[in-house]
Structure formats: structure tokens, C-alpha cells
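A quick write-up on the structure given underneath.
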Amino acid sequence: MCAATPSSVPLSILSLGRESQRVALVGLGGVGKTQVALQLAFWTKENKADCSVFWVPALSEATFEQAYTDIASQLEIRRGDEQDVKECVRQYLSSEADGRWFLVVDNSDDVALVCGSSRTPEGLVRYLPQSQNGRIVFTTRSRDIAMRVAEETLKLEEFSLTEAKRLLGNLVTRKELIDDAASVTELLHELTCLPLAITQAAAYLERNEVSIAEYLRLLRNTEKDMADLLSEELPDRTRYEETKHAVVTTWMVSFDKIREQDLNAANLLSFMSQIEPIPQSLLPELESEVQTVSAIGTLCGYAFVSRRDEMLDMHSLVHLATRIWLRREGLETQTTETAMRHLAGGFPTDEYENRDTWRTYLPHALRILQRAGASDMEERYELHFWVGRCMQVEGRIKEAVRCFEECRRWWSGQFAETHPNRLASQHALAGAYVSDGQIKKAVALLEQVVAVQGKTLEEDHPSRLASQHELAGAYNSDGQIKKAVALLEQVMTVEERTLADDHPSRLASQHELAGAYVSDGQIKKAVALLEQVVAVQGKTLEEDHPDRLGSQHNLAIAYQADGQMPQAVKLLKHVVAVESRTLQEDDSDRLASLSALENALAVASQ
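In our numbering, the protein residues as written are 428 to 1033.
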């Protein structure tokens, strides 16, 4: 294992001609590993024009998958509905076709997540590419992880005293602070010349206009057992026997000072400790926007948080230290429950118009839902419900099923069989079962829901009609076509009497009935219904709305089944043209439309 300080890392580790393709930067949290990786990435981008640069945070499986999804989009990697994006990216970069690349896997600190455990033998490392054209640099606090994932390890050590003095001098604007050489040396020794600790100390000195002597006094009055608590959560439980815990003592001073001076900032810091680095739109609302800006400014001033566009990033070790601070103050459970309530109350519904918002929120919701020991409260399962709905729209069906099964388990234990939440969870789970191919389970569950609602709700109640609609779809998937047609015709009769022509539920039922008619061989009826749906949606939905495109696609298929080939080809060409402007090349809907058009053209040419 080689050693270097952050300012002396050799650029030679980027050489693709070397025998080692994987290098790990390992060191104490706050030593500057991520900053070194950033410097290497920027150097590569500026000096190696033919080398692609990718950045993947390994904070959690969700952030890792999101980064791989972004890489797949950037490289325009095509994949099928059921293909794992992580495996697709691995295969693509492992091939020689993609050229030279440089990949940073940042914050690789969880040994079970990265390397696997007895419960999950394979970790995220199995999705990393191997190629003579590529180089991977890991950043990790754990030497154990570094030795497992990399062929070459570079240990980042604290700055020398000279380097530390230079850093402090660059950070403070009140140059008189560093005139007292003895105090400066004493402070830097107390901070063990750790770059992040020096940066935070400088921010504290500047913001509060205190002297180095006053900062040293505060630092030495802080609890010394913080490091023992922190070591319980770190992958390498032995490393605190070899270090002076300086970054922990620095953070303790700052946490307490923030709470004294800016309670809003302390509350935001507590909230952020429960979730991933987050968009500002997800933060709890304060009394005014000015207070929010001020609170974020306080956290940025202490260097606990950094801005990146509309995102707020927090170092992973700050997450840990903040939660330990909350535990020391007896606030951990309260903070987790508050964050859960906020996320449950602010998580968007799964409508198409909300897709950008819930795609951004998903990793944060997953983080708090997966946290061990989180409170078993109703808001937890409300969040599970909406996360499941969005997962299903995203095509992550297995995860959606797990979310809905959790909802049903908890709500079934809390509420009577007629309670709306219990019925909603059963309805949602059945829909996910259909998508997952577990049709028999879906039918049984929906028959139970429909039976209960048949006794408790009026025949035109939206929930009752929605469950009948869903059951009919399950019947259709199960091959019980006559039952599906009969039930959907019953639903349509009620909705034609109670809903407007352009009501989404009525249009959805017409669409579903048309599909059942096609399955039943009643093609003329299917065509008539779908023409009606397409005409209404042409007036109410944008040209690229997925519901409108889906109806046009199915109408074209019905035209083809009815022998109306010119109409089928014309409509499919329109759908393909719109989707080519709005969807990724590997999108399942776009691929399905292209396939349908190719088929229609082949049939029409015969």
C-alpha cells in the first residue's frame, strides 16, 4: 500500500498502460479523498479528450443505480424491459467498443453494500466493468474494502504541517488569525492536519469572528467519547484505535453552535441526516423563503453542506456524525419520525405530470424506508404506498410488489376489512401482481376487494368502479375473457351515466373494454370504442402524453386486426414520430411502437 497526502497524489495512477486497472484511495473521513478524485476526473477531462469520465456515488444502492441509469442515457445504451441497467452498463463498458473511460466510485464505505455479505453474497462490485481501456478509482474509508475491490491501494494521509498551514492560510480572510504561529501550530496539531477538519474550523472562525485560542478552548471542552460512538457505525471498527478523532470533535463544536445560533439550520441538518443528498424542494418549509435561504447558508458556512445546482450535498461521514449527535441529545427517534411524516406528506402521486419530481424523490424515500429501527407509524406505510405506485410506473415491479405487501401487512393488522386504506393496499398489490405475472393471486385479491365494496359502497362509487375495472383486467390476463367483457360492460354502463365523456376513469374503462373485445374477437366494437377514446384525448391531452399515444397505438393494432391496413400504418407512423422526439431510444413503449410499425408495413406489403 502506497501513501500520499491529498496534494501529492501522482497523476501516474491514471495511466491506462499500467497493470492495475483499479485503484482505491483510502483514508479517514475528511482527509480529502473525494477532492483528489475530483481533481483526477477534471485533469482527465481536460487532458484526455478521447476518454469518457463517469462519477458513481456508492452511498446506497439507489444512488448507484441512478448514476448507472444516467450513464446508460449518456451512452445511449439500448436495453429491454427486464434488463438490469447496471448489468447493461457493465457489459457495455467492458467491451472494447466504447473506447477509453475513467470511472470514479465515490464513498465506497459500506462493506455489505459494496462487497456483499452473508445475506447478499454479491455486492455492487459485481456491476463494475473490466477493460484494458478503462480505469476505476474508488474512494473509501475502509482499508478492508480497498483491498477487496482494487489491485492497487493508495492511502491518503493527513497533510504535513507545512501543507496544513498553507491550506488554513488560503481559507481565512482575516490574515491576523495566522500571525500567531504558535497558536496556528497548536490548532493544526489538535486537528491532526486533517483537511476537512481544517476547512470546517476555518469556516467557524470566519463566521463567528473568534480567535484561534477561543476555538481551541471550545474544542477541548467537547466530549471525547464521540469517536467511540461513531466507530460503531463505520465498516472498519478498528481504525479509531489508530487516530485522534479530530474531525468528530470539530463537528461536535459546530453542531452545538449551529443549534445555539440558528435553530432552523439545526433542524434542516437533522432532517438531512435521515436521507440522501437532496433537492432543495424536498426540504421542510420554514416560515419564509428568507429563513430557508439563511438556514442553508448557515450549513454551507460551516462546510457541512455544499450546493450543486438545485441539490444539497452532505458528506457521508457528516450524515453519521449528525445522527450520533441526535442520539446523544435524545432526538434521533423524533427526527426520524419528523422526516418520515414530511416525506409521506410531500411525496407526489404517480401521475405522468409528476414524473420528474417523484423520480428525484425516490432515492430519499427509499433511504428512510430501509433504515433499520425506523418507527412503525402510519406515515411509513403511506410512503410505502406511493413509492410502490411510482416503482410500478417505472417498471420496477418486484420492488413495487414488496412495497404493497408491506402496506397490506400493516393496514390489515390495523384496520377492519372495509377500511379504505386496507382495500386500497389490496387493490394496488393486485395491480402489481398482474404486472409481475402473478395473475391468480391478483384475481383472488381483487375478487375479495370487489365483494367487500359491493356490500359497503354505492355502485357508482369511484373506488368500487376502479376495483371492478382492475378485476376485469386481471380476468382478461387470466384468459377469462367473457368475465372481463361482462364486468367492463357493467362498469361502462355506470360510468356513461355518471361521468363526463372526457373523464380519465371513463376513458380508461373504454380502453380496457376495447382490449377485452379484441381478445374476444369483437374487433368492430374495439375499433369503435378506441376511435372514440382517441378523439376525446386528442382534445384533452398533449400530443406526447403516454395515455394518448397508448390509445393511438392500440387503435392501430385494432385497425390491423380489422384489415384496415392504411389506417394502421398511418397511425403507427404518427406514434413512432412523436415518440422518437420525446422518448429514449431504449424506451419500451418506443420499441413496441417501432416493432408494431414494422409488422404493419410487412403485412401491408403482402
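Note that CB positions come from ideal geometry on N, CA and C, so glycine has one too.
The model shown is predicted, which means the values in this text are computed figures rather than measured ones.
Item to complete: Give the DSSP-derived three-state secondary structure of P484 in the structure shown.
Response: Taking the first residue of the sequence shown as position 1, residue 484 is located at position 57. Reduced to three states, the DSSP call for P484 is strand.
Worksheet item: Among C834, E833, S904, A899, which has the Cα closest to the Cα of Q865?
Response: Taking the first residue of the sequence shown as 1, we reach residue 865 at position 438. Of the residues C834, E833, S904, A899, the one whose Cα lies closest to the Cα of Q865 is S904.
Worksheet item: Using the C-alpha atoms, what's the distance from E809 back to H616?
Response: Taking the first residue of the sequence shown as 1, we reach residue 616 at position 189. Taking the first residue of the sequence shown as 1, we reach residue 809 at position 382. About 50 Å.
Worksheet item: Using the rule of at least 16 other Cβ atoms within 10 Å of the residue's Cβ for burial, across every protein chain shown, is K460 buried or exposed?
Response: In the sequence shown, counting from the first residue as 1, residue 460 sits at position 33. Here K460 is buried: its Cβ has 16 or more other Cβ atoms, across all protein chains shown, within 10 Å.
Worksheet item: Any idea what DSSP makes of K475, helix, strand or coil?
Response: If you number the sequence shown from 1, residue 475 lands on position 48. Residue state, collapsed to three classes: coil.
Worksheet item: How about the segment 490-508 and the segment 1008-1028: do they share at least three Cβ pairs that are nearer than 8 Å?
Response: The segment 490-508 vs the segment 1008-1028: in contact.
Worksheet item: At least one CB of chain C closer than 7 Å to the CB of E636: is that the case?
Response: Of the protein chains in this structure there is only one, and it is not chain C.
Worksheet item: Is it true that the CB of V541 sits closer than 7 Å to the CB of I572?
Response: Indexing the sequence shown from 1 puts residue 572 at position 145. Indexing the sequence shown from 1 puts residue 541 at position 114. The answer is yes: Cβ separation under 7 Å.
Fill in: I795 in three-state terms, based on DSSP
Locating residue 795 in the sequence shown gives position 368, counting from the first residue. Note: I795 maps to helix in three-state DSSP.
Discussion item. Per DSSP, what are the beta-bridge partners of L595 in this structure?
Written reply: Within the sequence shown, residue 595 is the residue found at index 168, counting from 1. Its beta-bridge partners do not exist; DSSP assigns none.
Worksheet item: Based on the DSSP output, what are the partners of S862 in its beta bridges?
Response: The count along the sequence shown starts at 1 and reaches residue 862 at position 435. S862 is not bridged to any residue.
Worksheet entry | Neighbourhood of A995 by C-beta distance below 7 Å, restricted to the same chain and skipping five residues each side | Sequence index remark: in the sequence shown, residue 995 carries index 568 (1-based). The answer, listed in chain order, is A983, Y986, Q987, A1027.
Worksheet item: Three or more C-beta pairs closer than 8 Å, one from the segment 688-704 and one from the segment 716-730: is that the case here?
Response: Under the three-pair Cβ rule at 8 Å, the segment 688-704 counts as touching the segment 716-730.
Worksheet item: Just to confirm, are D971 and V921 a CB contact at a threshold of 7 Å?
Response: Residue numbering aside, residue 971 sits at position 544 when the sequence shown is read from its first letter. Residue numbering aside, residue 921 sits at position 494 when the sequence shown is read from its first letter. No, the Cβ-Cβ distance between D971 and V921 is not below 7 Å.
Discussion item. Mapping the DSSP letters down to three states, classify G561 as helix, strand or coil.
Written reply: Taking the sequence shown and counting its residues from 1, the one referred to as residue 561 is at position 134. In the three-state scheme derived from DSSP, where H, G and I count as helix and E and B as strand, G561 is classed as strand.
Discussion item. Quick check on DSSP: helix, strand or coil for A451?
Written reply: Locating residue 451 in the sequence shown gives position 24, where the first residue counts as 1. In the three-state scheme derived from DSSP, where H, G and I count as helix and E and B as strand, A451 is classed as strand.
Fill in: Through-space distance from Y495 to R750, alpha-carbon basis
Taking the first residue of the sequence shown as 1, we reach residue 750 at position 323. Taking the first residue of the sequence shown as 1, we reach residue 495 at position 68. Approximately 28 Å, taken between the alpha carbons.
Worksheet item: Exposed or buried, what is V483 when buried is set at 16 or more other beta-carbons lying within 10 Å of its beta-carbon?
Response: Here residue 483 refers to the residue found at position 56 when the sequence shown is read from its first residue. Buried: at least 16 other Cβ atoms inside 10 Å.
Discussion item. Using DSSP's beta-bridge definition, name the partner residues of W528.
Written reply: In the sequence shown, counting from the first residue as 1, residue 528 sits at position 101. Beta-bridge pairing links W528 to S479, G561.
Discussion item. Could you compute how far the alpha carbon of V960 sits from the alpha carbon of E1006?
Written reply: As a position in the sequence shown, residue 960 is number 533, starting the count at 1. As a position in the sequence shown, residue 1006 is number 579, starting the count at 1. Roughly 19 Å between the two C-alpha positions.
Worksheet item: Taking DSSP as the reference, what is the three-state secondary structure of M741?
Response: Locating residue 741 in the sequence shown gives position 314, where the first residue counts as 1. Here M741 sits in strand by DSSP.
Fill in: Status (buried if at least 16 other CB within 10 Å, exposed otherwise) for T567
Here residue 567 corresponds to residue number 140 of the sequence shown, with the count starting at 1. By the Cβ neighbour-count rule, T567 is buried, with 16 or more other Cβ atoms within 10 Å of its own.
Worksheet item: Counting along the chain, where does the beta strand (DSSP E) carrying R734 start and finish?
Response: Stepping through the sequence shown from its first residue, residue 734 is reached at position 307. In this chain, the beta strand (DSSP E) harbouring R734 covers 732-735.
Fill in: Length of the line joining the Cα atoms of E585 and V453
By one-based count along the sequence shown, residue 585 stands at place 158. By one-based count along the sequence shown, residue 453 stands at place 26. Each residue's alpha carbon lies about 12 Å from the other.
Worksheet item: For the 8 Å Cβ check, are there 3 or more pairs between the segment 457-474 and the segment 506-517?
Response: No, because fewer than three Cβ pairs between the segment 457-474 and the segment 506-517 fall closer than 8 Å, the two stretches do not touch.
Fill in: Check whether L968 and L999 have beta carbons under 7 Å apart
Taking the first residue of the sequence shown as 1, we reach residue 968 at position 541. Taking the first residue of the sequence shown as 1, we reach residue 999 at position 572. Not a contact, by the Cβ cut-off of 7 Å.
Worksheet item: Exposed or buried, Q1033, counting other C-beta atoms within 10 Å across all chains shown (16 or more means buried)?
Response: Within the sequence shown, the letter at position 606 stands for residue 1033. Here Q1033 is exposed. Its C-beta has fewer than 16 other C-beta atoms within 10 Å.
Discussion item. At 3 residues or longer, what runs of the beta strand (DSSP E) sit wholly inside the segment 485-556?
Written reply: Counting only unbroken stretches of 3 or more residues, the beta strand (DSSP E) elements lying wholly within the segment 485-556 are 527-533, in sequence order.
Practice prompt. Output yes or no for whether 7 Å exceeds the beta carbon distance between A899 and A911.
Written response: On the sequence shown, residue 899 is found 472 positions in, with the first residue counted as 1. On the sequence shown, residue 911 is found 484 positions in, with the first residue counted as 1. In this structure, A911 lies closer than 7 Å to A899 by Cβ.
Practice prompt. List the DSSP bridge partners of K910.
Written response: Here residue 910 corresponds to residue number 483 of the sequence shown, with the count starting at 1. DSSP lists no beta-bridge partner residue for K910.
Discussion item. Let me confirm a value: S535 is counted as buried when at least 16 other C-beta atoms fall within 10 Å, else exposed. Which label applies?
Written reply: Mapped onto the sequence shown, residue 535 falls at position 108. Under this definition S535 is a buried residue.
Worksheet item: Near L1021, which residues of its chain fall below 7 Å by C-beta distance, leaving aside the five closest residues on each side in sequence?
Response: The residue you call residue 1021 lines up with position 594 of the sequence shown. For L1021, same chain residues with a beta-carbon under 7 Å away, outside a window of 5 residues either side, are V1003 in chain order.
Worksheet entry | Beta-carbon proximity of V564 to A464, cut-off 7 Å | For this step, residue 564 is matched to residue 137 along the sequence shown. For this step, residue 464 is matched to residue 37 along the sequence shown. Cβ distance < 7 Å, so V564 and A464 count as in contact.
Item to complete: Take every Cβ of the segment 821-833, pair it with every Cβ of the segment 856-876, and state whether three or more of those distances are shorter than 8 Å.
Response: Under the 8 Å Cβ criterion, the segment 821-833 counts as touching the segment 856-876, having at least three qualifying pairs.
Item to complete: State the Cα-Cα distance for the pair S558 and T612, rounded to the nearest angstrom.
Response: In the sequence shown, counting from the first residue as 1, residue 558 sits at position 131. In the sequence shown, counting from the first residue as 1, residue 612 sits at position 185. About 47 Å.
Worksheet item: Which residues in the same chain have their Cβ closer than 6 Å to the Cβ of V954, if we skip the five residues on either side of it in sequence?
Response: The sequence position of residue 954 within the sequence shown is 527, counting from 1. Closer than 6 Å at Cβ, skipping near neighbours: A985, D989.
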